[in-house]
Amino acid sequence: MRIVAGLFLWGVGTGAFQVEGSWRKDGKGSSIWDRFVHTEFRDADSTDVSSDSYTLLDKDLSALDFLGVTFYQFSISWSRVLNIRLMNVNFSYAAIKYDNIDVFGYTAWSLLDGFEWQHAYNIRRGLFYVDFKSEKKERIPKSSAQYYKQIIQENGFFPRESHLKL
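With mature numbering (1 follows the signal peptide of the UniProt record, and there is no 0) applied, the sequence shown covers -16 to -1, 1 to 150.
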């Protein structure tokens, strides 16, 4: 199979719980994950903020632009859209407006989810380091981001060793 230069789109994806943050903001209800981390872990407040993509989306998009990514797929927490309390369903119009999309969805578990479950999110992977202690949640490219950027620039061809700049 031959890849024609310029016709290959590089994409990435994220999951709501891992990146969304903004616990209880704009009327978000609690999800099964929210209930789990608040009852099973002592330091569960770290998941309330996560990398806070809900309020810092522009920074995340800048990081993707830095990489040269051409497609970004993300999901939102259903408890942000549908807040079920006492059998009444209330739509969070702020969440729908924020995403500027029709509300429909498809959820799939990936192989990477299995790795995360196996190590209980103790191993820090990824392309960017997020400074969770800073209010701005700065995104700092790791060497893996630089390498991935080179692969994208080469349109999927593995960069020659002489071109690697790690």
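By construction, the Cβ of each residue, glycine as well, lies at the ideal position given by its N, Cα and C atoms.
{"Query": "Whether residue 56 touches residue 4 by CB criterion (7 Å)", "Result": "no"}
{"Query": "Nearest residue (CA-CA) to residue 125, options 113, 135, 134", "Result": "113"}
{"Query": "Cβ neighbour criterion (16 or more within 10 Å) applied to residue -16", "Result": "Caution is warranted here: a pLDDT of 46 is assigned to residue -16, below 50, making its placement in the model unreliable, and the coordinate value is therefore given only provisionally. Exposed, by the Cβ-count rule."}
{"Query": "Unbroken alpha helix (DSSP H) run spanning residue 154, endpoints", "Result": "The requested residue 154 does not occur in the structure, where the chain is confined to residues -16 to 150."}
{"Query": "Cβ neighbour criterion (16 or more within 10 Å) applied to residue 123", "Result": "buried"}
{"Query": "Contacting residues, own chain, Cβ-Cβ under 7 Å from residue -2 (five flanking each side not counted)", "Result": "59"}
{"Query": "Local Cβ density within 10 Å of residue 6, reported as buried at 16 or more and exposed below that", "Result": "buried"}
{"Query": "Range covered by the alpha helix (DSSP H) that runs through residue 56", "Result": "Careful: residue 56 lies outside any alpha helix (DSSP H), inside the beta strand (DSSP E) at 55 to 57."}
{"Query": "Outcome for residue 45 when other beta-carbon atoms lying within 10 angstroms are tallied against a minimum of 16", "Result": "exposed"}
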